[in-house]
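Reading the sequence shown from the start, the letters are residues 2 to 371 in this note's numbering. Just so you know, even glycine gets a beta-carbon here, dropped at the ideal spot from N, CA and C. Since the structure is predicted, the reported quantities are computational estimates derived from the model, not experimental observations.
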Amino acid sequence: MSRITLKNVTKEFVTRGGHRVTAVDNFNLEIQEGECFSFLGPSGCGKTTTLRMIAGFEDLTEGEIWLGDKPVSVKSKNLYVPPEERGLGMVFQAFAVWPHLNVFENVAFPLRVKKTPRDELRERVMTALGHTDLQGAEKAYPSDLSGGQQQRIALARAIVTNPRVMLLDEPLSNLDPKLRESMRFEIKALQKKFNFTIIFVTHDQSEAMALSDRMLVMDLGKIIQTGTPREMYQDPANKFVYGFLGLSNFLRVRVRDGRVFPAEGTIQPIPFELPQGVSDGEGLLASRPNEIGLSRTEGTGYPGRIEKRLYMTFCIEYHVNIAGQVIRVHTPHGNVLPEGCGCFVQFRNPRWYAGESEQVELERIERQVI
């Protein structure tokens, strides 16, 4: 299986209230063999629906899905290959292990469905348990195990069939932060060992950035941007991608006579070179908290006031009031300024974005509850 291809894939459905929603809108994508490819986006953007169509759990409204050179869903020809015949492994958010079966039988289940010979079945199950650090636990039941061990059961069950493609639907979201981090490394190690393709669905940008060879960001059923994690973080396509990939500030500003001022402040301009073609009016100045300088030395930046100081594991976070708006600033632990004091901020790598309509945000919220 050389690749996964989606051609003009669209999925529409009608809500109970009779509202028609385009969950996935003209999706075109090619994922190469051996890639770890992540779908990233907010709840309701269509990422899980897309994964379910690839798996065969949802039919298409329009378009085609190919696994290698084999079509598995072609709406125009009413072609549909059922999930069990697509040769995919899948791990769900809720683990989906059977509580009445021990670890061995949970992992063996897909092989028993295929009527795999007993000796081969046992060998493959024990190999899968070894690769997921579950050796010795084959007689235990899921209720006797931790959340991380239950997730390993799901991973072992997925790899026991030797799939060429693994579909992971937010598989780590029910784990505690430390365990989530360790499981990321385990999933990546399994991919390198077996060389399968991974499609990983998540709303957690740190997971996507850590695991992915390439990734995409979805919004309102559309692909907004595709690329490597580095490409997308350093060169986001728009305000939505910038805000979704990492911590961000969006300072409301007003352009007047080619200079940029905070929306409610016109005394001092913010040093910033506007992109060509930007006319007078309102916009947003985007910045990362770790790309803002902070000092008490007058004349070193735009004046503000520290409202709050928070000690965090990797930095000190300051909430700084600038002309009535609060932004977050991250500094090293050694740079300690008291709450309530005046300060000066330097925007080191800001970006300019136009404002976004309220209707777009309302549609995002509506999709989360449909």
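- [ ] May I ask which residues mark the beginning and end of the beta strand (DSSP E) holding Asn27?
- [x] The residue labelled residue 27 in the question sits at position 26 within the sequence shown. It spans 21 to 33 - the beta strand (DSSP E) in which Asn27 sits, taken as one unbroken run.
Task: Arg123 (DSSP reduced to helix, strand or coil) - done: Position 122 of the sequence shown, counting from 1, holds the residue named residue 123. In the structure shown, Arg123 sits in a helix (DSSP, three-state: H, G or I).
- [ ] Indicate whether Thr198 and Glu86 have their beta-carbon atoms separated by less than 8 Å.
- [x] Locating residue 198 in the sequence shown gives position 197, counting from the first residue. Locating residue 86 in the sequence shown gives position 85, counting from the first residue. Result no, Cβ atoms of Thr198 and Glu86 do not sit closer than 8 Å.
Task: Three or more C-beta pairs below 8 Å linking the region 89 to 109 and the region 148 to 158 - done: yes
TODO: At 4 residues or longer, and completely inside the region 205 to 278: list those alpha helix (DSSP H) runs for me, N to C.
DONE: 206 to 212, 230 to 235, 240 to 245
TODO: Taking Arg21 as the reference, give the member of Pro263, Val254, Ala264, Lys12 with the closest Cα.
DONE: As a working note, residue 21 is residue 20 in the sequence shown. That would be Lys12, whose Cα lies nearest to the Cα of Arg21.
Task: Nearest candidate by alpha-carbon position, reference Phe348, set Arg365, Glu364, Val321, Gly325 - done: Counting from 1 along the sequence shown, the entry for residue 348 is found at position 347. When each option's Cα is compared against that of Phe348, the closest is Val321.
Task: 6 Å CB neighbourhood of Val327 in its chain, flanking five on each side removed - done: Here residue 327 refers to the residue found at position 326 of the sequence shown. Around Val327: His320.
- [ ] Return the chain-ordered ranges of every beta strand (DSSP E) run that is complete within the region 113 to 190 and spans a minimum of 3 residues.
- [x] 166 to 170
TODO: Please go through the same chain and pick out, in chain order, the residues whose beta-carbon is closer than 6 Å to the beta-carbon of Met2, but skip the five residues on each side of it.
DONE: Taking the sequence shown and counting its residues from 1, one reaches residue 2 at position 1. Only weak support exists for where Met2 lies, its pLDDT of 46 falling under 50; the value from the coordinates is given anyway. So the list reads Leu68, Gly69, Arg165, once near-sequence residues are dropped.
Open item on the list: For the pair the region 199 to 214 and the region 40 to 51, tell me if three or more CB-CB distances fall below 8 Å.
Closed with: yes
Open item on the list: Between the alpha carbons of Asn350 and Gln269, how many angstroms are there, rounded?
Closed with: Position 349 of the sequence shown, counting from 1, holds the residue named residue 350. Position 268 of the sequence shown, counting from 1, holds the residue named residue 269. Approximately 19 Å between the Cα atoms of the pair.
Open item on the list: Taking 8 Å as the threshold (C-beta atoms), are Arg253 and Ala264 in contact?
Closed with: On the sequence shown, residue 264 is found 263 positions in, with the first residue counted as 1. On the sequence shown, residue 253 is found 252 positions in, with the first residue counted as 1. Yes. Within cutoff.
- [ ] Use the C-beta contact count for Ser288: other C-beta atoms within 10 angstroms, 16 or more gives buried, fewer gives exposed.
- [x] Position 287 of the sequence shown, counted from the first residue, corresponds to residue 288. Of the other Cβ atoms in all chains shown, 16 or more fall within 10 Å of the Cβ of Ser288; this residue is therefore buried.
Open item on the list: Are the CB atoms of Leu285 and Phe251 within a distance shorter than 8 Å?
Closed with: For the purposes of this step, residue 251 is identified with residue 250 of the sequence shown, where counting begins at 1. For the purposes of this step, residue 285 is identified with residue 284 of the sequence shown, where counting begins at 1. Phe251 places its beta carbon less than 8 Å from that of Leu285.
Task: N-terminal and C-terminal residue of the alpha helix (DSSP H) that Thr49 is part of - done: The count along the sequence shown starts at 1 and reaches residue 49 at position 48. It spans 48 to 56 - the alpha helix (DSSP H) in which Thr49 sits, taken as one unbroken run.
Open item on the list: If you reduce the DSSP assignment to three classes, tell me which class Ser39 lands in.
Closed with: Within the sequence shown, residue 39 is the residue found at index 38, counting from 1. Residue state, collapsed to three classes: strand.
Task: Leu89 vs Leu168 beta-carbon contact at 8 Å - done: The count along the sequence shown starts at 1 and reaches residue 89 at position 88. The count along the sequence shown starts at 1 and reaches residue 168 at position 167. Taking 8 Å as the Cβ cut-off, Leu89 and Leu168 qualify as a contacting pair.
Open item on the list: So for Phe195, helix, strand or coil by DSSP?
Closed with: To locate residue 195, count along the sequence shown from 1; it is residue 194. Looking at Phe195 - three-state DSSP - the assignment turns out to be helix.
Task: Beta-carbon contacts of Glu292 that lie in its chain and below 6 Å, excluding the five residues immediately before and after - done: Locating residue 292 in the sequence shown gives position 291, counting from the first residue. Excluding residues within five positions, the ones whose Cβ falls inside 6 Å are Arg349, Asn350.
Open item on the list: Looking only at its chain, what residues have a beta carbon closer than 7 Å to the beta carbon of Arg386, apart from the 5 residues adjacent to it on each side?
Closed with: In the structure as shown, the chain begins at 2 and stops at 371. Residue 386 is therefore absent and cannot be evaluated.
Open item on the list: For Glu401, count the other beta carbons within 10 Å of its own beta carbon; 16 or more makes it buried, fewer makes it exposed. Which is it?
Closed with: Any property of residue 401 remains undetermined from this structure, which presents the chain solely from 2 to 371.
Task: Euclidean distance between Cα positions of His331 and Pro290 - done: For the purposes of this step, residue 331 is identified with residue 330 of the sequence shown, where counting begins at 1. For the purposes of this step, residue 290 is identified with residue 289 of the sequence shown, where counting begins at 1. If I take the Cα positions, the gap works out to 5 Å.
TODO: Over the uninterrupted beta strand (DSSP E) stretch that includes Thr298, give me the two end residues.
DONE: Walking along the sequence shown from the start, residue 298 turns up at place 297. Run containing Thr298: none; DSSP gives neither H nor E here.
Open item on the list: If I follow the unbroken beta strand (DSSP E) through Val75, where does it start and stop?
Closed with: Taking the sequence shown and counting its residues from 1, the one referred to as residue 75 is at position 74. Unbroken beta strand (DSSP E) run through Val75: 71 to 75.
Open item on the list: Between Gly64 and chain C, is any beta-carbon pair separated by less than 8 Å?
Closed with: Of the chains in the structure shown, none is chain C; there is only one protein chain.
Open item on the list: Let me make sure I understand the geometry here. Which of Ile160, Ser147, Glu63 has the alpha-carbon closest to that of Pro111?
Closed with: Within the sequence shown, the letter at position 110 stands for residue 111. Ranking Ile160, Ser147, Glu63 by Cα distance to Pro111 puts Ile160 first.
Task: Cβ contact check for the region 331 to 345 and the region 298 to 316: 3 or more pairs under 8 Å - done: yes
Task: Selected residue, minimal CA-CA separation from Leu61, among Lys48, Asp205, Lys116, Val10 - done: The residue given as residue 61 occupies position 60 in the sequence shown. Nearest of Lys48, Asp205, Lys116, Val10 to Leu61, Cα basis: Val10.
Open item on the list: So, at 8 Å on beta carbons, what are the nonlocal neighbours of Arg297 in its own chain, with the 5 sequence-adjacent residues on each side left out?
Closed with: Here residue 297 is taken as the residue at index 296 of the sequence shown, counted from 1. Only Leu338, Cys342, Gly343, Cys344, Phe345 meet the Cβ criterion.
Task: Status (buried if at least 16 other CB within 10 Å, exposed otherwise) for Ala190 - done: Within the sequence shown, the letter at position 189 stands for residue 190. Burial call: exposed.
- [ ] Could you pull the start and end residues of the beta strand (DSSP E) that Pro387 belongs to?
- [x] Past the edges of the chain, shown from 2 to 371, lies residue 387, and the structure says nothing about it.
Task: Contact set for Asp205: own chain, Cβ-Cβ below 6 Å, skip 5 residues either direction - done: Indexing the sequence shown from 1 puts residue 205 at position 204. Same-chain partners within the cutoff: there are none.
TODO: Rounded to whole angstroms, what's the CA-CA distance from Lys193 to Val279? Just pull it up for me.
DONE: Along the sequence shown, one-based indexing puts residue 193 at 192. Along the sequence shown, one-based indexing puts residue 279 at 278. Cα to Cα, the separation comes out at about 47 Å.
- [ ] Over the uninterrupted beta strand (DSSP E) stretch that includes Trp67, give me the two end residues.
- [x] In the sequence shown, the residue the question calls residue 67 occupies position 66. Its beta strand (DSSP E) spans residues 63 to 68.
Open item on the list: If contacts are defined as beta-carbon pairs under 8 Å, then Glu36 and Arg215 qualify, I think. What distance do you get, rounded to the angstrom?
Closed with: Mapped onto the sequence shown, residue 36 falls at position 35. Mapped onto the sequence shown, residue 215 falls at position 214. Their Cβ separation, rounded to whole angstroms, is 6 Å, which keeps Glu36 and Arg215 in contact under 8 Å.
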